[in-house]
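Numbering (my numbering), first residue to last: 44 to 231.
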Ligand SMILES: [Cu+2]
């Protein structure tokens, strides 16, 4: 135990953080100035953390986001190309090859009306002509609109491309498993 300082004997004590009590107007002024400055210091430090932490979080989100974005933009020497055009109210497709009979492959896909649906067919999703493409093949889609802006979208394939009149947008896919994938125009 340290000896207790006697009354009116101001000395520092172990682990002291604050000031000693002032006994003159000068020291009282120093303490008051310190407290004022410290108040603003705390406010500014808090605001800095408040600002810098979200900024760091945004940067952390931006990196994987841009990586994926640029990866999706890449079109690796496609094996086949399908030109897709949006219409009110159907899609038309044309493939970049001709059949053995020398015919080009072009067709329209209309939604099957609700009254014509058969058991097991999906309402608002089933079409009369499906686009059939091979698996494990780099496929390029060239997308455009013929009247208004449409949007060629198939969620399970990660496909969503604006179909703008007078403009050709390109996107590519490689389908890893066989299946029937549905999509709808994603332009309101
Ligand atoms: Cu549309």
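Ideal placement from N, C-alpha and C gives every residue a C-beta, glycine not left out.
Quiz prompt | Extent of the continuous beta strand (DSSP E) to which residue 202 belongs | solution = 202-206
Quiz item: Should residue 122 and residue 181 be called a contact, given that it needs their Cβ atoms to be closer than 8 Å?
Solution: yes
Exercise. Identify whether residue 231 lies in helix, strand or coil by the three-state DSSP scheme.
Key: coil
Quiz prompt | Residues bridged to residue 182 (per DSSP) | solution = 123, 216
Quiz item: Do you know whose CA, among 188, 177, 229, lies nearest residue 219's CA?
Solution: 177
Self-check item: 8 Å Cβ cutoff met for residue 151 and residue 133
Solution: yes
Exercise. Use the C-beta contact count for residue 127: other C-beta atoms within 10 angstroms, 16 or more gives buried, fewer gives exposed.
Key: buried
Self-check item: Terminal residues of the alpha helix (DSSP H) in which residue 58 lies
Solution: Where residue 58 is concerned, there is no enclosing alpha helix (DSSP H), given that its DSSP letter is neither H nor E.
Exercise. With a cut-off of 8 Å on the beta carbons, I'd call residue 145 and residue 206 a contact; round off their distance for me.
Key: That pair is no contact at about 29 Å.
Quiz item: Assuming residue 227 contacts residue 168 under a Cβ cut-off of 8 Å, what Cβ separation, rounded to an integer in Å, is found between them?
Solution: 7 Å
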